[in-house]
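Some notes on the structure that comes next.
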Amino acid sequence: EAGVTQFPSHSVIEKGQTVTLRCDPISGHDNLYWYRRVMGKEIKFLLHFVKESKQDESGMPNNRFLAERTGGTYSTLKVQPAELEDSGVYFCASSQLWEGSYNEQFFGPGTRLTVL
Amino acid sequence: LAKTTQPISMDSYEGQEVNITCSHNNIATNDYITWYQQFPSQGPRFIIQGYKTKVTNEVASLFIPADRKSSTLSLPRVSLSDTAVYYCLVGYGQNFVFGPGTRLSVLP
Chain A
616 EAGVTQFPSH SVIEKGQTVT LRCDPISGHD NLYWYRRVMG KEIKFLLHFV
666 KESKQDESGM PNNRFLAERT GGTYSTLKVQ PAELEDSGVY FCASSQLWEG
716 SYNEQFFGPG TRLTVL
Chain B
26 LAKTTQPISM DSYEGQEVNI TCSHNNIATN DYITWYQQFP SQGPRFIIQG
76 YKTKVTNEVA SLFIPADRKS STLSLPRVSL SDTAVYYCLV GYGQNFVFGP
126 GTRLSVLP
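These protein sequence lines map, in sequence, to chains A and B. Residues in the first sequence are numbered from 616 upward in steps of one, following the numbering used here. Residues in the second sequence are numbered from 26 upward in steps of one, following the numbering used here.
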């Protein structure tokens, strides 16, 4: 079974440019999460999808970040325009639909974003 | 939201038992506690999850006291390959809070 995949693995862009990160969850996983770790900081929750619906985007830093999950399959996270402080590693995770007692999240390898 | 703290680093020798504690003083009633292991250039990998008391699986045990304000991950007989960063994750359903991570170094 394929795990969570993320593309690209690395991205280097200049300040002001746009970058789109992609996450393909494990097939059949309705929950999809985005997290990020900026340099020297903790891994922070960004948002959560159940299928195509955003459940909680309280962690999104500002309106330069836009996440979508059309059709409830893969998800994209767009940063426009990118700022220096957006540099870090962006993780995606997926899990089966929450059933109250078990919600193992499977993480992708992350996308390392560098904004120059 | 729960706020979590962990020791920044720990050292151990092969074959020893390692206990890593995470403090989560304002954990919510519905929050579960999950521990992850992370190697360089990889995403976090699930180790164990619990809500209260003790949980054990084939690789670790998780101890959670009655007040649930902390949790302890126990790794029996660590090996060199257990050198990694260990995170606690607190949450339920939606918003999740990661601890800062504990860098475990296992020495020969």
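Glycine is no exception: its CB is placed at the ideal position from the N, C-alpha and C atoms.
query, result
"Give, in chain order, every residue of the region 95-121 of chain B whose Cβ lies closer than 9 Å to some Cβ of chain A.", "Tyr-112, Leu-114, Gly-116, Tyr-117, Gly-118, Gln-119, Asn-120 and Phe-121"
"Between Thr-78 of chain B and the rest of its own chain, which residues show a CB-CB distance below 7 Å, the 5 nearest in sequence each way excluded?", "Ile-89"
"Does the Cβ-Cβ distance between Ser-624 of chain A and Thr-691 of chain A come in under 9 Å?", "no"
"Is DSSP giving Thr-688 of chain A helix, strand or coil here?", "coil"
"Hey, quick one: how far does the beta strand (DSSP E) through Thr-29 of chain B stretch, first residue to last?", "Where Thr-29 of chain B is concerned, there is no enclosing beta strand (DSSP E), given that its DSSP letter is neither H nor E."
"How about Gly-124 of chain B and Thr-29 of chain B: are their beta carbons less than 9 Å apart?", "yes"
"Sort out for me which residues DSSP pairs Ser-130 of chain B with in a bridge.", "B:Asp-36"
"Would you verify that the beta carbon of Pro-125 of chain B is, or is not, closer than 9 Å to some beta carbon of chain A?", "yes"
"Here's the rule I'm using: 16 or more other beta-carbon atoms within 10 Å means buried, otherwise exposed. How should Ala-697 of chain A be labelled?", "buried"
"Between the region 63-94 of chain B and chain A, which residues of the former have CB atoms less than 8 Å from a CB of the latter, in chain order?", "Ser-66, Gln-67, Gly-68, Pro-69, Arg-70, Phe-71, Gln-74 and Tyr-76"
"Measure the alpha-carbon distance for Val-84 of chain B versus Gly-75 of chain B and round it to whole angstroms.", "14 Å"
"Tell me Ser-642 of chain A's beta-bridge partners as DSSP assigns them.", "Note: Ser-642 of chain A sits in no beta bridge, so no partner."
"Using a Cβ-Cβ distance cut-off of 9 Å, determine whether Thr-59 of chain B contacts chain A.", "yes"
"Considering only their Cβ atoms, is the gap separating Ser-34 of chain B from Leu-129 of chain B smaller than 9 Å?", "yes"
"Glu-657 of chain A touches chain B at which residues, Cβ-Cβ below 8 Å?", "Phe-123, Gly-124, Pro-125 and Gly-126"
"Taking the beta carbon of Leu-98 of chain B as the centre, do at least 16 other beta carbons fall within 10 Å, making it buried, or is it exposed?", "buried"
"Tell me the DSSP secondary structure of Asp-671 of chain A in three-state form.", "strand"
"Checking 9 Å against the spacing of the C-beta atoms, do Tyr-650 of chain A and Lys-659 of chain A come in under that value?", "yes"
"To the nearest angstrom, how far is the alpha carbon of Thr-127 of chain B from that of Gln-63 of chain B?", "10 Å"
"Thinking C-alpha only, which one of A:Lys-693, A:Val-730, A:Ser-673 and A:Glu-629 is nearest Ala-682 of chain A?", "A:Lys-693"
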